[in-house]
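Step one of this worksheet: look at the structure below.
There are 2 protein chains.
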Amino acid sequence: MEGFRRITIMGLGLMGGSMALGLKQRGFKGEIIGWDHSLETLEKAKSSGAVDRVCEEPRDAVKETELVVLATPVGAYSEILEKTAPFLPKNVIVTDVGSVKGSVKRVMDNQLPKGIAFIGGHPMAGSEKSGFTAADPDLYRKAKYFLTPGPDIEKAALDKMVGFVEALGAQPVVVDTEEHDRIVALVSHIPQLSAVLLASMLEGEEVQEYRTFAAGGFKDSTRIASGDPRMWKDIFLLNKQEVLSGIETLEGLLMEFKTHLEEGNDEEIFSRLKRAKAIRDGISG
Amino acid sequence: MEGFRRITIMGLGLMGGSMALGLKQRGFKGEIIGWDHSLETLEKAKSSGAVDRVCEEPRDAVKETELVVLATPVGAYSEILEKTAPFLPKNVIVTDVGSVKGSVKRVMDNQLPKGIAFIGGHPMAGSEKSGFTAADPDLYRKAKYFLTPGPDIEKAALDKMVGFVEALGAQPVVVDTEEHDRIVALVSHIPQLSAVLLASMLEGEEVQEYRTFAAGGFKDSTRIASGDPRMWKDIFLLNKQEVLSGIETLEGLLMEFKTHLEEGNDEEIFSRLKRAKAIRDGISG
Numbered sequence: 362m363e364g365f366r367r368i369t370i371m372g373l374g375l376m377g378g379s380m381a382l383g384l385k386q387r388g389f390k391g392e393i394i395g396w397d398h399s400l401e402t403l404e405k406a407k408s409s410g411a412v413d414r415v416c417e418e419p420r421d422a423v424k425e426t427e428l429v430v431l432a433t434p435v436g437a438y439s440e441i442l443e444k445t446a447p448f449l450p451k452n453v454i455v456t457d458v459g460s461v462k463g464s465v466k467r468v469m470d471n472q473l474p475k476g477i478a479f480i481g482g483h484p485m486a487g488s489e490k491s492g493f494t495a496a497d498p499d500l501y502r503k504a505k506y507f508l509t510p511g512p513d514i515e516k517a518a519l520d521k522m523v524g525f526v527e528a529l530g531a532q533p534v535v536v537d538t539e540e541h542d543r544i545v546a547l548v549s550h551i552p553q554l555s556a557v558l559l560a561s562m563l564e565g566e567e568v569q570e571y572r573t574f575a576a577g578g579f580k581d582s583t584r585i586a587s588g589d590p591r592m593w594k595d596i597f598l599l600n601k602q603e604v605l606s607g608i609e610t611l612e613g614l615l616m617e618f619k620t621h622l623e624e625g626n627d628e629e630i631f632s633r634l635k636r637a638k639a640i641r642d643g644i645s646g
Numbered sequence: 362m363e364g365f366r367r368i369t370i371m372g373l374g375l376m377g378g379s380m381a382l383g384l385k386q387r388g389f390k391g392e393i394i395g396w397d398h399s400l401e402t403l404e405k406a407k408s409s410g411a412v413d414r415v416c417e418e419p420r421d422a423v424k425e426t427e428l429v430v431l432a433t434p435v436g437a438y439s440e441i442l443e444k445t446a447p448f449l450p451k452n453v454i455v456t457d458v459g460s461v462k463g464s465v466k467r468v469m470d471n472q473l474p475k476g477i478a479f480i481g482g483h484p485m486a487g488s489e490k491s492g493f494t495a496a497d498p499d500l501y502r503k504a505k506y507f508l509t510p511g512p513d514i515e516k517a518a519l520d521k522m523v524g525f526v527e528a529l530g531a532q533p534v535v536v537d538t539e540e541h542d543r544i545v546a547l548v549s550h551i552p553q554l555s556a557v558l559l560a561s562m563l564e565g566e567e568v569q570e571y572r573t574f575a576a577g578g579f580k581d582s583t584r585i586a587s588g589d590p591r592m593w594k595d596i597f598l599l600n601k602q603e604v605l606s607g608i609e610t611l612e613g614l615l616m617e618f619k620t621h622l623e624e625g626n627d628e629e630i631f632s633r634l635k636r637a638k639a640i641r642d643g644i645s646g
């Protein structure tokens with residue numbers, strides 16, 4: 362790509378670490394600067410060769426860079442921007458890898474200096490593991506990678522970001538900020554909530570021992586409940602409106618099924634199961 | 362084991378076929394007789410060596426046998442019993458592999474001749490695939506295998522069934538019929554329903570294209586929605602009371618979370634996510 366010559370990654374956990382490793386492995390020729398709140402992580406990222414240079418102070422990491430990638434939990438963006446906004450170079454592009462985009466856009470609108478381009482990013486990749494030790498250079502490979510440019514973003518800047526995503530081996534998908542948040546509520550946040558609630562049904566003394574009977578189905582459908590609680594708390598709160606709307610849809614489906622079951626309506630129950638199977642069968646993996 | 366010398370398996374799909382293959386592979390020396398409503402399946406089971414002998418008429422399959430395993434969908438038991446009950450040998454044990462036990466017990470109490478021992482069985486093993494072609498000799502290996510003997514079952518008969526389960530490489534778990542149904546509602550039936558409803562959220566023209574954005578989390582948590590709709594319809598209806606009770610628990614958890622989210626109560630949300638993670642982390646796989 363006719364791309365960035367210097368990239369700063371703020372946060373070197375699973376997402377940021379994998380990004381650095383992926384760029385290096387796929388032949389990125391520019392410089393990668395890394396910052397993380399943990400000195401131990403900085404040490405690991407540096408010694409593994411994932412980043413070329415590390416900074417302990419956020420502001421040092423953004424100086425003279427061309428792209429700043431926020432890869433910390435979304436809840437930490439504001440503090441990072443406080444520390445870095447005055448030091449951002451004029452023509453820098455700011456992006457992130459957070460799972461929500463509407464509330465991130467509001468933070469950026471409030472805290473970024475006028476004229477600095479923000480293009481929201483959200484790679485549909487992850488793991489229930491976290492931290493730099495879980496980082497994987499192939500994490501982004503073939504993953505859908507949302508980009509949510511605002512209306513004020515110039516084509517050249519967006520093209521650069523598209524090139525960056527492709528350089529990671531991911532597939533750029535440019536969408537509207539609001540639609541993004543609706544999509545992820547349905548395909549990610551509500552499934553996460555569902556996994557959490559299913560696991561929660563085995564809480565309490567009288568049902569605790571039932572956990573030993575969890576088989577493949579339970580394990581599959583609750584696997585993501587092992588995700589980082591702090592990260593997910595942020596996501597739910599930051600995508601509140603769309604998650605609430607998703608909860609209402611789920612609640613409606615649950616009540617509909619409950620009624621059919623109470624009435625012993627086998628046709629409606631069969632129809633629901635058959636249609637759900639057709640949807641799931643149409644999704645590979 | 363000091364066990365059965367002749368076993369009849371009624372239904373040679375995933376469960377029955379895997380049972381026959383597993384017994385053979387693990388050195389069962391007796392005769393295995395197979396029946397299935399599909400002649401094509403009978404042909405396949407016979408030619409693969411999974412069974413020693415096949416019968417086209419249910420009543421022929423149960424003559425002079427020592428154990429009858431019902432391995433058809435639960436909804437078909439009644440019809441099979443109609444055709445076989447008068448021909449069951451006096452000392453035979455009848456078992457099944459159905460996912461519900463209370464309603465099966467009621468069918469047996471109604472239709473089995475007085476004095477014939479029924480010991481309900483439920484191996485916690487399965488697959489989203491079905492049919493003899495999906496049968497796997499290792500399906501039962503290391504799986505928990507519930508046995509739900511009624512109060513009238515003699516110890517010798519239960520011991521024989523325990524031996525049979527062990528001969529399959531599975532782990533027998535003897536429980537009360539009612540408790541069994543409560544356990545499976547929580548660890549299997551409600552997760553199944555949840556997978557079905559999550560997939561159903563992507564039904565309809567305006568959200569259909571969101572399916573292309575389904576990533577690992579969505580795929581894991583909806584995988585079992587690909588299960589056989591007819592079988593699952595039966596299970597939900599046959600375990601109606603416990604499933605309804607599970608739906609109410611899930612509904613309560615959903616409403617509680619919704620309230621916390623509406624109120625922006627980050628402590629309660631974090632606490633729920635953290636406790637769910639601890640539960641899921643405690644379950645391997």
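Residue numbers (the numbering used here), protein chains in the order written: chain A, 362 to 646; chain B, 362 to 646.
Yeah, the Cβ is synthetic: ideal placement off N, Cα and C, and Gly gets one too.
{"query": "Beta-carbon gap between A406 of chain B and F493 of chain B smaller than 7 angstroms", "result": "yes"}
{"query": "Residues that K505 of chain B bridges to, as DSSP identifies them", "result": "B:Q532"}
{"query": "Cβ pair count under 8 angstroms reaching 3, the segment 593-610 of chain A against the segment 590-597 of chain B", "result": "no"}
{"query": "is_contact[G613 of chain A, chain B] using C-beta, thresh 7 angstroms", "result": "no"}
{"query": "Limits of the unbroken alpha helix (DSSP H) element including L384 of chain B", "result": "L375 to Q386"}
{"query": "Whole-angstrom C-beta distance between D581 of chain A and S582 of chain B, which should lie under 8 angstroms", "result": "7 angstroms"}
{"query": "Beta-carbon proximity of R367 of chain A to E401 of chain A, cut-off 7 angstroms", "result": "no"}
{"query": "For I640 of chain B, three-class secondary structure by DSSP", "result": "helix"}
{"query": "Contacts of Y501 of chain B in chain A (Cβ-Cβ under 8 angstroms)", "result": "Under the 8 angstroms cutoff, chain A gives no residues; its nearest Cβ is about 12 angstroms from Y501 of chain B."}
{"query": "Euclidean distance between Cα positions of S491 of chain B and G459 of chain B", "result": "14 angstroms"}
{"query": "Contact check, V429 of chain A vs T369 of chain A, beta carbons under 7 angstroms", "result": "yes"}
{"query": "The segment 547-570 of chain A: positions lying closer than 8 angstroms to chain B by Cβ", "result": "L547, V548, S549, I551, P552, Q553, L554, S555, A556, V557, L558, L559, A560, S561, M562, L563, E564 and V568"}
{"query": "Between the CA atoms of S587 of chain A and E539 of chain A - distance to the nearest angstrom", "result": "28 angstroms"}
{"query": "Nearest-angstrom Cβ-Cβ length linking R641 of chain B and A560 of chain A, presumed shorter than 8 angstroms", "result": "5 angstroms"}
{"query": "Short CB-CB distance (under 7 angstroms) between L634 of chain B and chain A", "result": "yes"}
{"query": "Three-way DSSP call (helix, strand, coil) for G346 of chain A in this model", "result": "Since the displayed chain A opens at 362 and closes at 646, residue 346 of chain A lies outside it and no answer follows."}
{"query": "Whole runs of the alpha helix (DSSP H) within the segment 395-472 of chain B, excluding any shorter than 4 residues", "result": "400-408, 419-423, 438-445 and 463-472"}
{"query": "Close Cβ partners of L529 of chain B (< 6 angstroms) along its chain, the five nearest in sequence each way excluded", "result": "G383 and Y501"}
{"query": "Close Cβ partners of E603 of chain A (< 7 angstroms) along its chain, the five nearest in sequence each way excluded", "result": "D542, R543 and A546"}
{"query": "Touch test, the segment 620-628 of chain B against the segment 563-575 of chain B, Cβ-Cβ under 8 angstroms, three pairs minimum", "result": "no"}
{"query": "Residue environment, T426 of chain A, which counts as buried when at least 16 other CB atoms sit within 10 Å", "result": "buried"}
{"query": "Cβ distance (whole Å) where M562 of chain A is taken to contact T610 of chain B below 8 angstroms", "result": "6 angstroms"}
{"query": "Cα-Cα separation between M522 of chain A and L605 of chain A, rounded to whole angstroms", "result": "31 angstroms"}
{"query": "Interface flag, K490 of chain B vs chain A, CB-CB below 7 angstroms", "result": "no"}
{"query": "Continuous alpha helix (DSSP H) stretch holding P484 of chain A: start and end", "result": "From DSSP, P484 of chain A is part of no alpha helix (DSSP H) but of the beta strand (DSSP E) over A478 to P484."}
{"query": "Cβ-Cβ distance between V548 of chain A and F579 of chain B below 7 angstroms", "result": "yes"}
{"query": "Limits of the beta strand (DSSP E) - the one that T369 of chain B falls within", "result": "R367 to M371"}
{"query": "Any non-hydrogen atom of the ligand GDP closer than 6 angstroms to V429 of chain A Cβ", "result": "Looking for the ligand GDP in the displayed structure turns up nothing, as the structure carries no ligands at all."}
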